[in-house]
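Note that our numbering gives residue 302 to position 73 of the sequence shown, counting from 1, and the numbers run on in steps of one.
Here the structure comes first, spelled out in structure tokens, and everything after it is commentary.
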Amino acid sequence: MTRWLARLLPSRASAQIATIVVGSVLLANLLTAIVLLVVLPPQLRRTAFVPPHATELVALARALHAVPDRQAREIVLDSAIAANSRIARGGEPVPPSGRPPPPPDRDMLEQIAIELSGVGVPFLLPGAAGEPGPPAVGVRLSDGTTLNISPRQRLEAPPRPIVFHLIITMASLAVLLAMLSWWAARAVVAPLERLAASVDRFDPDRDEISTLGRGPAEVRRLARAFGDMASRIRKLLDGRTQMLAAISHDLRTPITRLRLRAEEVPDRDRRRAMQADLALMERMVGSALSYLRDGRASAAMTATNLAALLQTVCDDFADLGHGVVYEGPDHASAICDADQMTRAVANLVDNAIKFGGRTVVRLEDGEPGLIAVAVEDAGSGIPADEREKVLEPFYRSDTARTLRPDSGFGLGLAIVSAIAEAHGGSLVLSERPGGGLRAVVAWPRGPVPSASPPPATGER
Numbered sequence: 230m231t232r233w234l235a236r237l238l239p240s241r242a243s244a245q246i247a248t249i250v251v252g253s254v255l256l257a258n259l260l261t262a263i264v265l266l267v268v269l270p271p272q273l274r275r276t277a278f279v280p281p282h283a284t285e286l287v288a289l290a291r292a293l294h295a296v297p298d299r300q301a302r303e304i305v306l307d308s309a310i311a312a313n314s315r316i317a318r319g320g321e322p323v324p325p326s327g328r329p330p331p332p333p334d335r336d337m338l339e340q341i342a343i344e345l346s347g348v349g350v351p352f353l354l355p356g357a358a359g360e361p362g363p364p365a366v367g368v369r370l371s372d373g374t375t376l377n378i379s380p381r382q383r384l385e386a387p388p389r390p391i392v393f394h395l396i397i398t399m400a401s402l403a404v405l406l407a408m409l410s411w412w413a414a415r416a417v418v419a420p421l422e423r424l425a426a427s428v429d430r431f432d433p434d435r436d437e438i439s440t441l442g443r444g445p446a447e448v449r450r451l452a453r454a455f456g457d458m459a460s461r462i463r464k465l466l467d468g469r470t471q472m473l474a475a476i477s478h479d480l481r482t483p484i485t486r487l488r489l490r491a492e493e494v495p496d497r498d499r500r501r502a503m504q505a506d507l508a509l510m511e512r513m514v515g516s517a518l519s520y521l522r523d524g525r526a527s528a529a530m531t532a533t534n535l536a537a538l539l540q541t542v543c544d545d546f547a548d549l550g551h552g553v554v555y556e557g558p559d560h561a562s563a564i565c566d567a568d569q570m571t572r573a574v575a576n577l578v579d580n581a582i583k584f585g586g587r588t589v590v591r592l593e594d595g596e597p598g599l600i601a602v603a604v605e606d607a608g609s610g611i612p613a614d615e616r617e618k619v620l621e622p623f624y625r626s627d628t629a630r631t632l633r634p635d636s637g638f639g640l641g642l643a644i645v646s647a648i649a650e651a652h653g654g655s656l657v658l659s660e661r662p663g664g665g666l667r668a669v670v671a672w673p674r675g676p677v678p679s680a681s682p683p684p685a686t687g688e689r
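Quick look at the structure:
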């Protein structure tokens, strides 16, 4: 039962609150109406169907019945007709058709008959029964006098059953309650939405989760709890970073001692193998130190000739004999940190050279409002199921471990991804048409606040 009700409720908390409030009030009113209809005496229920003009006729008939003298009754009747043009003498009842009149007319006649008991007999005038509008009614008094009265507006709608009025009332109440409940629910839920937005934007390197000055006490308490949790996360990250940086820094001393001892090894082949291992360890420590040390530096976002920056990177690699070419405009301005973007592009180019040979660097227009730098190679590429994983620190794809066992430590693409995120963008890896890897760094053309990524090492 609970699951069934849960499926009927809307997904948003504000809509759920409004639905529960409106539904509860309407259900209470409906039960009250049912009880009233069942408990209400029949006479009072019938009174609800007697229109005003019939009440006037009942009052006049009683007044005439109370006058014993016939001549005096005629004077009273003439005065009533002169004062009310809707009252007239005479009138014949509707000929019997074998069918009872509609429920509203029948209830009205029953109630008038009760009120005129011993005074006269009410009837409907011909053409009135079942027609739109309240019917014209007449009465035959005990002395044989017949009179009738027409409604104030003959074309007005006929009296509705009391259930109809209840439905209209409840519908109007539902609309009003829905509006008020929605406003009240929004007042309760809005602080939660602001808190959720603050948590979504939270960056442990630079942001604080805002504490709410308004809203229910429970929501303010939840915001403070999130803020305390964010502080603990930040302290945990700081402690981890400091610990790893200290370990990496302290490893340099024994590596240096091992290097000196390796120089004393008489066997040349063994000496070279030891020196190669020590050099690998030193590069690993250096990469880790750089990653940890510079992971939270501020990005200097300035207007940069991105085309010239890319051409310079390509020329530097070409001077070393690598097949790297630039394709794009001669001038293109963008807001970025020139040093970080140089490291990012150099990382991608170095990666492409190691695993793909000839490399093409393109400056492209990304989605509206974005600028994109694409680096393509003709290598074996990265399997689709590993493209997200290679963006994580210290992860190396199977291709990198197989083709280049000494290629790096899994920080290269992670660094590029961090630089892209610091610029408010992203690094997307895909397959190049014709084979190979296509890496695209895209970020907004305008300035964005950023937390700095680590520096470059050329790795996949």
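Backbone N, C-alpha and C define an ideal beta-carbon position, used for all residues, glycine too.
Query                                                                                                           : Result
Three-pair Cβ contact test at 8 Å for the segment 483 to 501 versus the segment 447 to 457                      : no
Cross-strand partners of LEU658 (DSSP beta bridge)                                                              : ALA668
Length of the line joining the Cα atoms of ASP566 and ALA532                                                    : 8 Å
Among ALA668, PHE352, ILE600 and GLY515, the one whose alpha carbon lies nearest that of MET337                 : PHE352
Candidates LEU658, ALA581 and VAL590: closest to ASP614 by CA position                                          : LEU658
Limits of the beta strand (DSSP E) - the one that GLU717 falls within                                           : Because the chain in this structure spans residues 230 to 689, residue 717 falls outside the shown range and cannot be described.
Buried/exposed call for HIS560, threshold 16 Cβ in 10 Å                                                         : exposed
ILE611 (DSSP reduced to helix, strand or coil)                                                                  : coil
Which residues DSSP lists as bridging GLY367, in chain order                                                    : PHE352 and ASN377
SER427, buried or exposed, once every other Cβ within 10 Å from all chains shown has been counted against 16    : buried
Min CB distance ALA425 to chain B below 8 Å                                                                     : Included in the structure is just one protein chain, with no chain B present.
THR482 burial status per 10 Å Cβ neighbour count (16 or more: buried)                                           : exposed
Of the residues ARG415, ALA419 and HIS551, the one placed nearest ALA247, counting alpha carbons only           : ARG415
Span of the alpha helix (DSSP H) around ARG299                                                                  : 299 to 312
GLY515 versus LEU507 - alpha carbon distance                                                                    : 12 Å
Sequence-distant residues of its chain with Cβ nearer than 6 Å to GLY319 (five each side left out)              : THR375
ARG449 in three-state terms, based on DSSP                                                                      : helix
Best match in LEU370, ALA575 and THR284 for proximity to ARG299 [C-alpha to C-alpha]                            : LEU370
Beta bridge counterpart(s) of LEU599 as assigned by DSSP                                                        : PRO673
Buried or exposed by the 16-neighbour rule on C-beta atoms within 10 Å, applied to ASP496                       : exposed
DSSP state of SER562 mapped onto helix, strand, coil                                                            : strand
Inter-residue CB distance, ARG500 and VAL494 (contact presumed, cutoff 8 Å)                                     : 4 Å
8 Å Cβ cutoff met for MET570 and LEU538                                                                         : yes
Assigned exposure category for ASP544 - 16 Cβ within 10 Å defines buried                                        : exposed
C-alpha distance - VAL645 paired with LEU405, whole-angstrom precision                                          : 56 Å
Exposure label - TYR498; buried when at least 16 CB within 10 Å                                                 : The displayed chain sequence assigns Asp, not Tyr, to residue 498. By the neighbour-count rule (16 or more Cβ atoms within 10 Å), ASP498 is not buried but exposed.
Beta-carbon proximity of LEU306 to ILE378, cut-off 8 Å                                                          : no
Distance CB(LEU535)-CB(SER562) smaller than 8 Å                                                                 : yes
Backbone CA spacing between PRO380 and ALA288 [nearest angstrom]                                                : 15 Å
Own chain partners of VAL669 with C-beta closer than 6 Å, once the 5 adjacent residues on each side are dropped : ALA601, ALA603 and VAL657
Under 8 Å between C-beta atoms of ARG591 and GLY557                                                             : yes
Counterpart residues of ALA222 in DSSP-defined beta bridges                                                     : Since the first and last residues shown for the chain are 230 and 689, residue 222 lies out of range.
Short Cβ contact (8 Å threshold) for ALA581 with ASP606                                                         : yes
Whole alpha helix (DSSP H) elements within the segment 391 to 425, 4-residue minimum                            : none
heavy atom of the ligand FAD below 7 Å from ILE310 C-beta                                                       : Only the bare structure without any ligand can be found here, which leaves the ligand FAD out of the picture.
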